[in-house]
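J.:
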Amino acid sequence: MNLRFLAFATAALALYGLGTTTSMAASPAGRFCGEMISSGDYRDVETTLNVARDGHLSGTYELDEPDGRVEGNLVEKDIGSGTSRALVWTDKYGTGLLYLDFSSDFDGFNGSWGSSVNGKYDAPSHSWNGARCGGGSVR
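In the numbering used here, the protein residues as written are 749 to 887.
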């Protein structure tokens, strides 16, 4: 009887531990390496995201353009939750919207971005994707 209880308790703790580890790790925060369409071609992009205590996303991105390195900032448009988020990007070329759809485990995203004209955002139509960087940098 005690052996059966011990086996059940061990299994329950192991399953609980796996569940809490997975749910605690599931976050859009981190460094993502991927590609985006920019200047009419695919460019490597490194996107770094942070999550504030209130859940608000912010971050940075870097890519190489034909005329040099581009560094930009990201700020969540409206505080969101879940796997779909809308951010505003800003860099030396201007500003616009970026929609990100994360995988359920937040290990990657598919997105689209658009620019703005006279303060009005264009519909995002250019691809921007990323997966958690595996040690190396796209730099």
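Glycine residues also receive a C-beta, built at the ideal position from the N, C-alpha and C atoms.
1. Report the three-state DSSP secondary structure of residue 841 (helix, strand or coil).
2. Near residue 826, what residues of its chain come up, given a Cβ to Cβ distance below 8 Å and the 5 sequence neighbours on each side ignored?
3. Going by beta carbon distance, what residues of the same chain come within less than 7 Å of residue 885, once the five residues before and after it are set aside?
4. Kindly indicate which three-state DSSP category residue 881 falls into: helix, strand or coil?
5. If you draw a straight line from the C-alpha of residue 780 to the C-alpha of residue 856, how long is it?
6. So, with DSSP's three-state summary, where would you put residue 833?
7. With a threshold of 16 other CB atoms inside 10 Å of the CB of residue 763, please say whether the residue is buried or exposed.
8. Are the CB atoms of residue 862 and residue 871 nearer to each other than 7 Å?
9. What does DSSP give as the partner residue(s) for residue 791 in the beta ladder?
10. Output the distance between the C-alpha atoms of residue 873 and residue 846, rounded to the nearest integer angstrom.
11. Counting only the same chain and skipping the five closest in sequence on each side, list residues whose C-beta sits under 8 Å from that of residue 772.
T.: Taking the geometry as given:
1. coil
2. 834
3. Below a pLDDT of 50, predicted positions are generally treated as unreliable, and residue 885, at 42, falls in that range; no measurement from the model is reported.
4. coil
5. 7 Å
6. strand
7. The predicted position of residue 763 is uncertain, since its pLDDT is 44 and thus under 50; no value can be drawn from it.
8. yes
9. 784
10. 9 Å
11. Residue placement at residue 772 is flagged as unreliable, the pLDDT there being 49, under the threshold of 50; a coordinate-derived value is accordingly withheld.
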